[in-house]
Amino acid sequence: MATLTPISAEDAAGSSADHKTHRARVAGSFGLVYFFWGSTYLAILIAVRHFPAALLGSIRFLIAGTLMLAWCALRGKKIALTRQDAFRLLLVGVLLLTGGNMILAWCEEFINSGLAAMIVAVVPIWIALIEALLGGDRLNRQGWAGLLLGIGGLVALLWPDIVSGGSVGRRDLLVCFVLMLGALSWAFGSVLSRRYRLGVGPFAATGWEMIFAGLVNTLLALLLGDFRHADWSRAGWLAIAYLVTFGSLVGFTAYIWLLEHVPTPKVATYAYVNPAVAVFLGWLLHGERIDRYMLSGMVVIIAAVALVTTSKLRQARSAEPNSLPTCESGAD
2 MATLTPISAE DAAGSSADHK THRARVAGSF GLVYFFWGST YLAILIAVRH FPAALLGSIR
62 FLIAGTLMLA WCALRGKKIA LTRQDAFRLL LVGVLLLTGG NMILAWCEEF INSGLAAMIV
122 AVVPIWIALI EALLGGDRLN RQGWAGLLLG IGGLVALLWP DIVSGGSVGR RDLLVCFVLM
182 LGALSWAFGS VLSRRYRLGV GPFAATGWEM IFAGLVNTLL ALLLGDFRHA DWSRAGWLAI
242 AYLVTFGSLV GFTAYIWLLE HVPTPKVATY AYVNPAVAVF LGWLLHGERI DRYMLSGMVV
302 IIAAVALVTT SKLRQARSAE PNSLPTCESG AD
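So the sequence shown is numbered by my numbering: it starts at 2 and just counts up by one.
Right under this line is the structure:
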């Protein structure tokens, strides 16, 4: 007959302390992801006042990618790439960080950070649609409802520009359409990244994606003459430092840690918390206007993203219990 080993008071106290420490780390990591990834929209708005979009992406991602790869090397993680992995990471990096993030930065030269965040917020919906079109998981009824609701939210969000007959309204509507194309680029890059099996870990892969995208952005910056139009001021460099440190490094590290320690449905909440944080910070720190169209569009879009995200998570749990989502935020 098996005997039970009594648990000492010291062991119980230690277990309780470890549990509290773990909970504190989880709460802190969520706070980092929610706040820093939500704040990157405003930081991009500030940075793009000093550096044109292509040059901004070049500086930001070359620095962040170099630091991330150096960190991987110091920890003994593999960073060397095969030719196939290099091509795949080049393609994904360009889709995510040039087609997605650089377009976001360019659009924020014309529209508020809160509006940009709400348009980018539909990326998880585009991901679900692209996966279904490419033969992946089909959208269920909840997913289709979220897709239609998300389109309705975009219409509500952009309604003032849709009905406006002025040149500013038409310009803003065109910029928003370009940003939707950027969101689609990010979504397509996310779908590809999920399908690729690489010989390096997520940190090294992200570092190389940043390096490759940074090099492409550098070429674009040279072709567009961005270096001549840059304002190499302290404020611009501070904005880049914030994006590199908190958006690219701290936020991503906290995100990966959460994926390893917290159920994926909880981690996925960043997809609909970050846009709300971005809208709030734009209003609080930059005086961006929040009208009834912004509020109604935000509520509808966040609800739509929640519907699609939870439906996809249910499908992922039934098909592959240990699968982890890729990062789906366009401003990280």
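The C-beta atom is built at its ideal place from N, Cα and C for all residues, glycine as well.
(message) Short of 7 Å in beta carbon distance, which residues of its chain neighbour V268, apart from the five on each side in sequence? Order them along the chain.
(response) Cβ within range, chain order: L259 and L260.
(request) Can you have a look at L325 and say buried or exposed, based on whether 16 or more other CB atoms are within 10 angstroms of its CB? (result) Annotation note: pLDDT 39 at L325 (below 50); position unreliable, coordinate value reported separately. L325 is exposed by the Cβ-count criterion.
(message) Does the beta-carbon of A255, which I'm using as the reference point, lie nearer than 6 Å to any heavy atom of the ligand ATP?
(response) This structure lacks the ligand ATP, and indeed carries no ligand of any kind.
(message) So, does the region 128 to 144 touch the region 288 to 306, judging by three or more C-beta pairs under 8 Å?
(response) Taking one beta carbon from each stretch, the region 128 to 144 and the region 288 to 306 have fewer than 3 pairs nearer than 8 Å; the two do not touch.
(message) Check this for me: beta carbons of A74 and I80, under 7 Å apart or not?
(response) Yes, the pair counts as a contact, with Cβ atoms nearer than the cut-off.
(message) At the level of alpha carbons, what is the spacing between A44 and A240?
(response) Whole-angstrom Cα-Cα distance: 6 Å.
(request) Can you tell me the Cβ-Cβ gap for K78 and G202, rounded? I've got them flagged as a contact below 8 Å. (result) Right, the Cβ-Cβ distance comes to about 6 Å (below 8 Å), so this counts as a contact.
(message) Short of 7 Å in beta carbon distance, which residues of its chain neighbour V179, apart from the five on each side in sequence? Order them along the chain.
(response) Correct list, in chain order: I104 and C108.
(request) Would you identify the three-state DSSP class for R50, choosing helix, strand or coil? (result) Residue state, collapsed to three classes: coil.
(message) With a threshold of 7 Å on Cβ separation, who are the neighbours of V49 within its own chain once the five nearest residues in sequence on each side are excluded?
(response) Leaving aside the five residues that flank V49 on each side, the residues in its chain whose CB is nearer than 7 Å to its CB run, in chain order, L57, A106, E109 and E110.
(request) Would you tell me roughly how many angstroms separate the C-alpha atoms of V280 and R196, rounded to the nearest one? (result) Those two C-alpha atoms are separated by around 32 Å.
(message) If I follow the unbroken alpha helix (DSSP H) through N218, where does it start and stop?
(response) Counting along the chain, the alpha helix (DSSP H) containing N218 begins and ends at P203 to L225.
(request) Check whether the region 50 to 70 touches the region 206 to 218, counting contact only when three or more Cβ pairs, one atom from each stretch, lie closer than 8 Å. (result) Yes, the region 50 to 70 is in contact with the region 206 to 218.
(message) Using only the alpha-carbon positions, how far apart do L182 and T310 sit?
(response) Spanning the two alpha carbons is a distance of roughly 21 Å.
(request) Measure from the alpha carbon of A133 to the alpha carbon of each residue in A65, T207, S114 and F189, then state which is nearest. (result) The residue with the shortest Cα to Cα distance from A133 is F189.
(request) Over the uninterrupted alpha helix (DSSP H) stretch that includes P161, give me the two end residues. (result) Counting along the chain, the alpha helix (DSSP H) containing P161 begins and ends at R142 to V164.
(request) Starting from the C-beta of D227, find all residues in its chain whose C-beta is less than 6 Å away, skip the five residues before and the five after it, and write them out in chain order. (result) Answer for D227: P53, A55 and L56, listed in chain order.
(message) Mapping the DSSP letters down to three states, classify F111 as helix, strand or coil.
(response) Three-state DSSP puts F111 in coil, outside helix and strand.
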